[in-house]
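Visitor: Have a look at the structure that comes next, please.
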Amino acid sequence: MRILSPLLAALALILLAAWVLGGPAIESRGAHPYDAFEKPAACRACHRDFYRQWRQSMMSQAYTHHWDEIEYWDLAVPHAEKDPSFKEAQEGCNGCHAPLAWLAGDVPPPRPAAGSRANESVSCDLCHTVTGFAGDTPFNFNWVSSPGRVKYGPKPGVESPHHDTQRSDFLSSAEFCGTCHNEMSPFGAWVKSTQLEWAEGPYAAEGVRCQDCHAPRAWGRSASMGEEAWVAQHLFHGAHDDGKLAGAVEIRIHPDEREVPYDGVVMLTAQLFNAKAGHRIPTGSVEDRIVWLHVTATDAAGKTWHLPVDPKGFDGEDYTIAADVLAYQDLAVPLGRPDFPGVQRDGEPVGDRIYRKAYLDPEGRMTMMQWNTQSFGVDYRLGPRETVLETFTWDMPDDIAVGRVTVAASLNYRKLVKPVADLLEVPDDEEELIVINRAETWFEVYD
Ligand code: HEC
Ligand code: HEC
Ligand code: HEC
Ligand code: HEC
Ligand code: HEC
C-alpha cells in the first residue's frame, strides 16, 4: 500500500491535469466512426427548409470557413509542431469545429479541399444525438454523443418515417450550447464564456435561452410531412450576420450645454446600451473581435475634428483606448519568424474607446491565439442590458466656425482586427467595418 499510494496520487494528478488541460471530453476521441452519423443531405429530404437555414449559418462551415482554415492550418498546427505542449489544444480545435472527425479519431482531419466528412462541421446529426454533458460545467466539447436511430428534439411524441424521436430538455438548454461556446485554454483561462456570461445575466434569470434569440420559433412545419406547430428556426445567426449586429447596442449622445462660446469647452456624454444580446458584446471569439466608438464634430463651415474619449483611470484601461502600439508578437512562433516585431494592436483611430477583453500570452503581451492565453489585461465589454457612459471633453480649436456643430457617434465592429487580417491575408469580409449603431447631436458656437 505504501508503494501504491504515491503511484495513485501521481495518477490522480495526471488525470486532473488531463481534465484541466483538455477538459473532461478528451476520452470521446475515437468513440464513434464517421458512419455512425447520417449526413446532413439525408435530413434534407424531409427537413428541406431547416437544411437551407443551417447551410447558411456558420455552424455548417465551422471547419471549412476561410478564417478557420487559416487559423487552424497556418497558426495552430505549426505552433503545436514547434511547441508540443500545444498539441492537445490543436487537436481539440476539432472537438468543436469538426466534431465528427474528432469522434472518428481522424485528427487532424484532411484539409477542407479534400471534401472529407470533417467538412460537415457542426452537423444535424451531431447536435440531435447529443444526450448530455460530462462534469458540472459545460465547456471544451464535453457533450456526450449517442448516435443512432433516436433523434432528440424539443417535442414529445413526434413521429417520423425515417427515425425515432425523443424529447430532450438538454438540447433545449443553454448548457447544450455552452459545451462548445465556453472554452478553457491550456493555461486554465476562460477564453470563451458566452454561456457563462449569459448564466450570470438577466436573460438566464428570465428563462430566455440562447435558442430563443438564435433559433427563434415561428409557426410552420419542421418537416415537409410534419404537423404545423411553433418550430425553432435553424438560423443560428451571430456576428457573421450584419442584421444580427445591427442595433445590438443603442447609442445616444448629448452636450452639457446647447450654446457654447467659441473659446469654450464642451463636454459630450455618450450612453451605450446593450439592448439585444443575451451575453456581453463582443462575446465568443473575443480575441479576434474589435468594437469601438468613434466620435467626430463638424462645424458650420464643414470642418471635421475627431474627438478622443476621456480616460476613466481604471486598471488596464490602456487596452481600451486605440493607440499606436504593436501587439501579437507571439505569432512569431507559428509564423516561423523569430524577429517578428508584431503588428498594430488596433488599427483604428487613436483615442477611440474600444470594448474588448485583452487576452495576454504567458509573457504578458496581447495575443489573438486563444490557446496561448494565460491571463487577461482587462474585461471592458458591454454586459447584457448594461449601460455604459463615455465622455468627450473638447476644448474647441481656435479656428472653429460660429454656428451649429454637429456631433456624430458611431459604434463600429470588425470580426477580426484589421492589422491581423491583413498580415494573415484573411479574406476581406472578416475585417469589413460594420456599423452597429449611430447617433447624432448638436450645439451652437457663439462669438
Ligand atoms: C423521411 C423523412 C425524414 C428524414 C429523412 C429525416 N426526418 Fe426528422 N422528422 C421527420 C418528420 C416527419 C418529423 C416529425 C415532424 C413533426 O411532425 O413536427 C421529424 C422529426 C424530427 C425531429 C424531432 C423534432 C421535434 O419536434 O422534437 C428531429 C430532431 C429530427 N427529425 C431530426 C432529423 C435528422 C437529424 C435527420 C437526418 C439525420 C432527419 N430528421 C431526417 C422526417 C424525416
Ligand atoms: C436576448 C437575445 C440573445 C440571447 C439570449 C443570446 N444571444 Fe447570442 N447574440 C445575440 C445578438 C443580438 C448577437 C449579435 C451581437 C453580438 O455579436 O454580440 C449575438 C451574438 C452571438 C454570437 C456571435 C458573437 C461574436 O462576436 O462572434 C454567438 C456565438 C452567440 N451569440 C451565441 C449565444 C449563446 C451560446 C447563447 C446562450 C448561452 C446566446 N448567444 C444567447 C442575442 C442573444
Ligand atoms: C447546433 C446544433 C444544431 C444543429 C446543427 C441542428 N439543430 Fe435542429 N435543433 C437544435 C436545437 C437546440 C433545437 C431545439 C430548439 C428549442 O428547443 O428551442 C432543434 C430543433 C430541431 C427540430 C424540431 C423543431 C421544432 O421546434 O419542432 C428539428 C426537426 C430539427 N432540429 C432538425 C434539424 C436538422 C434537419 C438539422 C440540419 C439541417 C438540424 N436540426 C441542425 C439544434 C441543432
Ligand atoms: C459541437 C459544438 C457546438 C455546439 C453544440 C453549438 N455550437 Fe454554435 N458554433 C460552434 C462553432 C465551432 C462555431 C464557429 C463557426 C465558425 O467557425 O465561424 C459556432 C458558431 C455559432 C454562431 C455563429 C456566430 C457568428 O460568429 O456568426 C452562433 C449564433 C451559434 N454558434 C449559436 C449556437 C447555439 C445557440 C447553440 C446551442 C443551441 C450552439 N451554437 C451549439 C460550435 C457549436
Ligand atoms: C470549446 C469549443 C471550441 C474549441 C476547442 C475551439 N473553438 Fe474555435 N470557435 C468556437 C466557437 C463556439 C466559435 C464561435 C464564436 C463566435 O462566433 O464568436 C469559434 C470561432 C473560431 C474562429 C473564428 C471564426 C470566425 O469566422 O470569426 C476561429 C478562427 C476558430 N474558432 C479557430 C479555432 C482554433 C484554431 C482552435 C484550436 C486552437 C479552436 N478554434 C478551438 C469553439 C471552439
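In our numbering, the protein residues as written are -18 to 428.
Quick reminder that beta carbons are idealized off the backbone N, C-alpha and C, glycines included.
If you're wondering where the values come from, they're calculated on a predicted model, not measured in any experiment.
Taking the C-alpha atoms as reference points, what is the distance between His260 and Lys63?
Guide: Approximately 36 Å between the Cα atoms of the pair.
Visitor: Between the alpha carbons of Trp211 and Glu187, how many angstroms are there, rounded?
Guide: Distance between the alpha carbons of Trp211 and Glu187: 20 Å.
Visitor: Count the other CB atoms within 10 Å of the CB of Lys293; is the residue buried (16 or more) or exposed (fewer)?
Guide: Answer is exposed; the Cβ neighbour count stays below 16.
Visitor: Per the contact definition of three or more C-beta pairs closer than 8 Å, is the region 399 to 410 in contact with the region 239 to 257?
Guide: At 8 Å Cβ cutoff, the stretches do not touch.
Visitor: Run the proximity test for Asp193: is its beta-carbon closer than 6 Å to any non-hydrogen atom belonging to ligand 1?
Guide: Outside the cutoff, so no.
Visitor: What's the C-alpha gap between Arg130 and Glu371?
Guide: Each residue's Cα considered, the two are about 55 Å apart.
Visitor: Nearest-angstrom Cα distance between Gly384 and Ala282?
Guide: Their backbone Cα atoms lie some 8 Å apart in a straight line.
Visitor: Please confirm if the region 372 to 391 is in contact with the region 345 to 355, defined as three or more CB-CB distances below 8 Å between the two stretches.
Guide: No, the region 372 to 391 is not in contact with the region 345 to 355.
Visitor: Compare the C-alpha of Lys396 against each of Arg337, Gly364, Asp428 and Asp342 and name the closest.
Guide: Of the listed residues, the one whose Cα sits closest to Lys396 is Arg337.
Visitor: Scan the region 118 to 200 and note each continuous beta strand (DSSP E) run of 3 residues or more that stays entirely inside, going in chain order.
Guide: Entirely contained in the region 118 to 200, the beta strand (DSSP E) runs reaching 3 residues are, in chain order, 124 to 126, 131 to 134, 145 to 148, 163 to 165 and 171 to 174.
Visitor: According to the neighbour-count rule (16 or more other Cβ atoms, all chains shown, within 10 Å of its Cβ), is Thr146 buried or exposed?
Guide: Classification of Thr146: buried, given that the 10 Å Cβ count is 16 or more.
Visitor: Please tell me whether Arg10 and Gly86 are closer than 7 Å, where the distance is taken between their beta carbons.
Guide: Yes, these two residues count as a Cβ contact at 7 Å.
Visitor: Find the nearest neighbour of Glu421 within the set Gly228, Trp171, Ile234 and Glu19, judged by alpha-carbon distance.
Guide: The option with the nearest alpha carbon to Glu421 is Ile234.
Visitor: Can you check which of these residues, Glu101, Pro90, Ile271 and Ser38, is closest to Phe18 by C-alpha distance?
Guide: Per the Cα distances, Glu101.
Visitor: Check Ala227 in the structure and name its three-state DSSP category.
Guide: If DSSP states are grouped into helix, strand and coil, Ala227 belongs with coil.
Visitor: Does the Cβ of Thr110 have 16 or more other Cβ atoms within 10 Å, making it buried, or fewer, making it exposed?
Guide: Buried: at least 16 other Cβ atoms inside 10 Å.
Visitor: What residues in its chain sit with their C-beta under 8 Å from that of Thr112, if we drop five residues either side in the sequence?
Guide: Taken in chain order, the residues that qualify are Val125, Ser126, Ser127, Tyr133, Ser149 and Phe151.
Visitor: Going by beta-carbon coordinates alone, are Trp273 and Asn418 separated by less than 7 Å?
Guide: Not closer than 7 Å, so no.
Visitor: Return yes when at least one heavy atom of ligand 5 lies under 6 Å from the C-beta of Tyr53, else no.
Guide: Correct: Tyr53 has its Cβ closer than 6 Å to ligand 5.
Visitor: Relative to the alpha-carbon of Thr429, which residue among Val324, Val103, Phe168 and Glu367 has its alpha-carbon at the smallest distance?
Guide: The requested residue 429 is not part of the displayed model; the chain covers only -18 to 428.
Visitor: Does the beta-carbon distance from Val230 to Asn255 come in below 7 Å?
Guide: For Val230 and Asn255, yes; Cβs fall inside 7 Å.
Visitor: Closest to Cys191 by C-alpha separation, out of Gln214, Val246, Pro167 and Ala23, would be which residue?
Guide: The residue with the shortest Cα to Cα distance from Cys191 is Gln214.
Visitor: What would DSSP say about Pro(-13), mapped onto helix, strand or coil?
Guide: Since pLDDT at Pro(-13) reaches only 49, below the 50 mark, its modelled position is unreliable, and the value read off the structure follows with that caveat. DSSP places Pro(-13) in helix when its eight states are reduced to three.
Visitor: Mapping the DSSP letters down to three states, classify Gln214 as helix, strand or coil.
Guide: The answer is coil: DSSP assigns Gln214 none of H, G, I, E or B.
Visitor: Have a look at Asp291 and Trp375 and give me their C-alpha separation to the nearest angstrom.
Guide: Taking the straight line from one Cα to the other gives about 9 Å.
Visitor: Expressed to the nearest angstrom, what Euclidean distance is found between the alpha-carbon atoms of Pro263 and Trp179?
Guide: Using only the alpha carbons, I get a separation of about 13 Å.
Visitor: So, are the CB atoms of Ser477 and Trp48 less than 7 Å apart?
Guide: Lying outside -18 to 428, the shown extent of the chain, residue 477 is not represented and no answer is given.
Visitor: In the DSSP output, what is Ala251 paired with across the bridge?
Guide: Bridge partners of Ala251: Ile234 and Glu371.
Visitor: Measure from the alpha carbon of Asp333 to the alpha carbon of each residue in Phe295, Ala303 and Pro14, then state which is nearest.
Guide: It is Ala303.
Visitor: Which value, in whole angstroms, describes the spacing of the CA atoms of Gly358 and Gly297?
Guide: If I take the Cα positions, the gap works out to 6 Å.
Visitor: Could you work out which residue in Asp106, Asp222, Gln71 and Cys108 is closest to Pro90 when comparing CA atoms only?
Guide: Taking only the C-alpha atoms, the option nearest Pro90 is Gln71.
Visitor: Distance, Cα to Cα, Arg346 vs Thr175?
Guide: Roughly 24 Å between the two C-alpha positions.
Visitor: How should Ala99 be labelled, buried or exposed, when 16 other C-beta atoms within 10 angstroms of its C-beta is the threshold for buried?
Guide: So Ala99 counts as buried.
Visitor: Between the Cα of Glu344 and the Cα atoms of Leu414, Glu8, Ala308 and Pro365, which residue gives the shortest distance?
Guide: The option with the nearest alpha carbon to Glu344 is Ala308.
Visitor: Using the three-state DSSP reduction, which class does Pro5 fall into: helix, strand or coil?
Guide: Any reading at Pro5 must be qualified, since the residue scores a pLDDT of 48, below 50, and its modelled position is unreliable; the value itself is stated next. Reduced to three states, the DSSP call for Pro5 is coil.
Visitor: Are there 16 or more other CB atoms within 10 angstroms of the CB of Ala26, so buried, or fewer, so exposed?
Guide: By the 10 Å Cβ count, Ala26 comes out exposed.
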